[in-house]
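In full-length UniProt numbering, the protein residues as written are 1 to 290.
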């Protein structure tokens, strides 16, 4: 009979036979240690994907909020353009006029003095100031129409005076320099009074200007004043040319009429329907240009 030879087993095999649980745990640790880099890579990729998704959601939310805000602003702009400011002012004036008449009617129906009752809300100074303002406004209203060229020149002169902004600081500097120069030349004598006040006395009467004085010829205006004068002359020329065009009937832009009666009819239509048709015409013109 053949005899079986004993199989040689190593110490490692004996350990596996005696402690199979420890061997399995060791193998699992080995596998997990080998899979650790792959799992870390997968975790990094998942984190990056989540971060990209969060950024994408934030961008979508920002785009949505921007679209909603633009839509609201567009609606507000459309409403503003569709509203005629002249019509609003007219309605406010009509409302104030109607309120005034209603209060006056109620006061007179109660047997009271309307002007006296209305004056209770104002002080004497405010009332006098208001009366002066109304009187000035009435004078200005009566002075609008053309009377003669002298009156027209006076109105232009007064308007230029109202728009004139004097440089008081530069005036004081020039005045002080002129006094110092005259005092150095001996034309002025500086005297101190008992109160300590300094007074300049003109000895020969040449310091103050007279009809024969020509000292103003040495004055050299600064660049800003020259530019202001040029702008005023340019504006006056533009106004003159505009009035000439109005007298001749010249108009800028497209001619939308065939005769004077048709022109008046178109102007009447524009007063009532421009607030509705302006946007349509602009859109049509933009489409035509495209």
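Don't be surprised by glycine CBs; every beta carbon is placed ideally from N, CA and C.
Classification of residue i by the beta-carbon crowding that lies within 10 angstroms, buried from 16 upward
i           : result
residue 161 : exposed
residue 14  : At residue 14 the pLDDT is 49, less than 50, meaning the model places this residue with poor confidence and gives no usable figure here.
As assigned by DSSP and simplified to three states, the class of residue i
i           : result
residue 124 : helix
residue 200 : strand
residue 192 : strand
residue 264 : helix
residue 256 : coil
residue 135 : helix
residue 104 : helix
residue 284 : helix
residue 147 : coil
residue 222 : coil
residue 237 : helix
residue 164 : coil
residue 66  : helix
residue 75  : helix
residue 209 : coil
residue 182 : helix
Residue i versus residue j: straight-line alpha-carbon distance, rounded
i           : j           : result
residue 71  : residue 52  : 28 Å
residue 135 : residue 243 : 30 Å
residue 80  : residue 149 : 43 Å
residue 281 : residue 88  : 23 Å
residue 240 : residue 182 : 45 Å
residue 118 : residue 91  : 23 Å
residue 82  : residue 48  : 50 Å
residue 93  : residue 126 : 22 Å
residue 231 : residue 64  : 50 Å
residue 73  : residue 103 : 40 Å
residue 56  : residue 75  : 29 Å
residue 175 : residue 212 : 20 Å
residue 61  : residue 50  : 16 Å
residue 197 : residue 179 : 16 Å
residue 226 : residue 209 : 24 Å
residue 290 : residue 283 : Because the pLDDT of residue 290 is 48, which lies under 50, any placement of that residue in the model is unreliable, and the number read from its coordinates should be weighed accordingly. In a straight line, the C-alpha of residue 290 is about 11 Å away from that of residue 283.
Under 8 Å between C-beta atoms of residue i and residue j
i           : j           : result
residue 177 : residue 190 : no
residue 216 : residue 187 : no
residue 294 : residue 143 : An answer regarding residue 294 cannot be provided, because it is not within the stretch 1 to 290 covered by the chain.
residue 257 : residue 266 : yes
Expected contact under 8 Å - CB spacing of residue i and residue j to nearest Å
i           : j           : result
residue 84  : residue 275 : 5 Å
residue 107 : residue 114 : 4 Å
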